[in-house]
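Structure record follows, encoded as structure tokens.
Number of protein chains: 2
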Amino acid sequence: MTFDESAARPTRGDAFEATAAEAAHALLGPEADIFATMLSFNLFRAVNQLQRDLETNAYRPNGISAAAFSIMFMIKTVGPTSPSKLATLLSTSTASTSSALNTLEKYGYITRRSDAEDSRRVIVELTTAGDEKLIGVFAAATERESLWASRLTGTENVMFMELLRALLQRRPA
Amino acid sequence: MTFDESAARPTRGDAFEATAAEAAHALLGPEADIFATMLSFNLFRAVNQLQRDLETNAYRPNGISAAAFSIMFMIKTVGPTSPSKLATLLSTSTASTSSALNTLEKYGYITRRSDAEDSRRVIVELTTAGDEKLIGVFAAATERESLWASRLTGTENVMFMELLRALLQRRPA
DNA sequence: GTATATTAACTAGAGCTTTGATGAAAATTT
DNA sequence: AAATTTTCATCAAAGCTCTAGTTAATATAC
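From first to last, the protein sequence lines stand for chains L and Z.
For the first sequence, the positions run 19 to 191 when our numbering is used.
For the second sequence, the positions run 19 to 191 when our numbering is used.
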């Protein structure tokens with residue numbers, strides 16, 4: 019990926035970022051390099067706002083949680099699969115997955131059955147109701163996400179995607 | 019912010035992103051524009067990994083939670099303040115803040131006292147133990163965050179910061 | 001001055017998260 | 001074949017999240 023180097027000039031964060039930077043220097047001393055910390059700070063701020071938006075406007079109106087949505091979407095992605103596979107794919111624990119599956123099962127959106135090959139294993143499947151629910155929630159979420167993306171230009175969005183892919187794919191230096 | 023337009027060429031995501039994109043098209047049809055959705059998908063993936071890293075390597079070894087850390091850091095940032103002010107600044111509910119403050123108080127990291135001016139109001143303050151704890155955790159978190167930032171070049175990190183500031187400061191189009 | 005409305009903090013209940021423990025089944029070792 | 005280890009799923013307990021509702025105190029309206 020290449021950037022126009024002239025673009026790499028410092029710009030200003032908002033008042034809140036400035037206050038947080040002050041606190042960081044108060045904790046680590048005025049000489050400390052806090053760039054990565056402020057980057058992480060703003061990253062969490064932005065993602066928390068997006069997450070909240072999706073929960074308020076896509077998940078909750080449809081009566082499901084973010085975790086429930088991600089599990090249903092994952093089953094849709096990979097097909098009928100086991101709780102442990104879901105946990106691995108979603109970077110969460112099997113215990114959390116088990117708990118969320120309990121709720122989804124209670125609502126009738128997924129079913130559990132025993133694997134004939136390996137009876138330790140459980141196979142989780144979307145029901146018809148679950149599939150229909152997922153379609154509605156997914157459409158609502160996509161709409162909110164598009165609204166967020168509209169804060170950036172097309173080029174900026176592509177850059178953003180590049181940077182995220184780099185974060186996900188590159189090993190730490 | 020300006021970008022080198024030649025950099026705005028599509029690159030490839032990982033196998034997992036490709037699978038998710040397939041599922042998205044299965045839900046919305048092959049014509050659907052799922053760019054924003056995939057951007058959001060990768061954003062959550064990256065942030066979840068970072069969050070997990072910080073919890074595992076900075077917060078938990080020091081015996082506190084991410085919420086506890088963010089509250090302590092906020093008190094350090096703005097000084098003694100009320101639960102409702104903390105909730106506003108952290109974009110969370112007063113109920114969550116109250117719950118996290120209960121734990122922090124139990125551990126002796128913060129104190130609550132009544133405001134003389136308005137006795138509905140509570141003033142939350144860091145104890146000496148809380149301040150010392152915060153310094154240690156903050157240093158550990160900063161170290162992990164720097165490691166993450168090292169996955170990107172200096173220019174890329176600056177770009178990343180620009181994009182986050184744009185997301186936080188610009189109104190939806 | 002009394003009644004209503006608003007505000008601050010908290011609790012209650014449901015859900016998801018974690019680590020750690022448990023039980024059962026499969027794989028491995030001896 | 002028998003004993004050990006590993007794997008899978010689940011539960012338990014502690015903590016944070018939310019919405020909704022409560023209590024107490026302040027502000028405003030009549």
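Glycine included, each C-beta is placed from N, C-alpha and C at the ideal position.
Since the structure is predicted, the reported quantities are computational estimates derived from the model, not experimental observations.
Residue i Cβ short of 7 Å to the ligand MN heavy atom set
i	result
Z/G81	With respect to the ligand MN, the structure shown offers nothing to examine, as it has no ligands at all.
Cα-Cα separation, residue i to residue j
i	j	result
L/E35	L/G126	44 Å
Z/N120	Z/T145	14 Å
Z/K151	Z/I89	13 Å
L/R188	L/P101	28 Å
Z/E180	L/R130	46 Å
Z/F53	Z/V142	44 Å
L/P48	Z/F91	17 Å
L/A113	L/L107	14 Å
Z/H43	Z/V155	43 Å
Z/A26	Z/L165	Its pLDDT being 49, under 50, Z/A26 is placed unreliably by the model, and the measurement read from it follows with that caveat. Taking the straight line joining both Cα atoms gives about 26 Å.
L/V96	Z/M56	16 Å
Z/S83	Z/T160	16 Å
L/L72	Z/A86	24 Å
Z/A167	Z/N175	7 Å
L/G31	Z/I153	24 Å
L/R63	Z/T115	16 Å
L/G172	L/F178	10 Å
Z/L104	Z/S117	13 Å
Z/E135	Z/K94	22 Å
Z/P190	L/P98	38 Å
L/I128	L/P79	19 Å
Z/L122	Z/G81	11 Å
Residue j beta carbon less than 8 Å from that of residue i
i	j	result
Z/V140	Z/D133	yes
L/A184	Z/R169	yes
L/L61	Z/L186	no
Z/N66	L/S109	yes
Within-8 Å CB hit, residue i to chain L
i	result
Z/M177	yes
Z/I153	yes
Z/S109	yes
Z/N80	no
Z/E122	The question names Glu, yet the displayed sequence has Leu at residue 122 of chain Z. It does not: the Cβ of Z/L122 has no partner Cβ on chain L nearer than 8 Å.
Z/K94	yes
Z/A26	Residue placement at Z/A26 cannot be trusted, given a pLDDT of 49 that sits under 50; what the coordinates show is reported in the next sentence. Judged by the 8 Å Cβ criterion, Z/A26 is in contact with chain L.
Z/A44	yes
Z/S102	no
Z/A86	no
Cβ neighbour criterion (16 or more within 10 Å) applied to residue i
i	result
Z/A41	buried
L/A33	exposed
L/R162	buried
L/A147	exposed
L/L157	According to the sequence provided, residue 157 of chain L is Ala. The question's Leu does not apply to it. Classification of L/A157: exposed, given that the 10 Å Cβ count is below 16.
L/T29	exposed
L/K264	This structure does not reach residue 264 of chain L, given that chain L is present from 19 up to 191, and the question cannot be answered.
Z/S111	exposed
L/S58	buried
is_contact[residue i, chain Z] using C-beta, thresh 8 Å
i	result
L/D32	yes
L/P48	no
L/E174	yes
L/V142	no
L/N66	yes
L/F53	yes
L/S58	yes
L/T190	Inspection of the sequence shows that residue 190 of chain L is occupied by Pro rather than by Thr. Yes, its Cβ sits closer than 8 Å to a Cβ of chain Z.
L/A167	yes
L/S114	no
L/L185	yes
L/A105	no
L/S132	no
Span of the alpha helix (DSSP H) around residue i
i	result
L/I89	A84 to V96
L/S164	T146 to A167
Z/T112	T112 to K124
Z/T173	G172 to Q187
L/T55	F53 to L72
Run of the beta strand (DSSP E) containing residue i, from where it starts to where it stops
i	result
Z/L108	Looking at the DSSP string, Z/L108 is not in any beta strand (DSSP E), and its letter there is neither H nor E.
L/R224	Given that chain L is displayed from residue 19 to residue 191, the structure contains no residue 224 of chain L and the question cannot be resolved.
L/R131	I128 to S132
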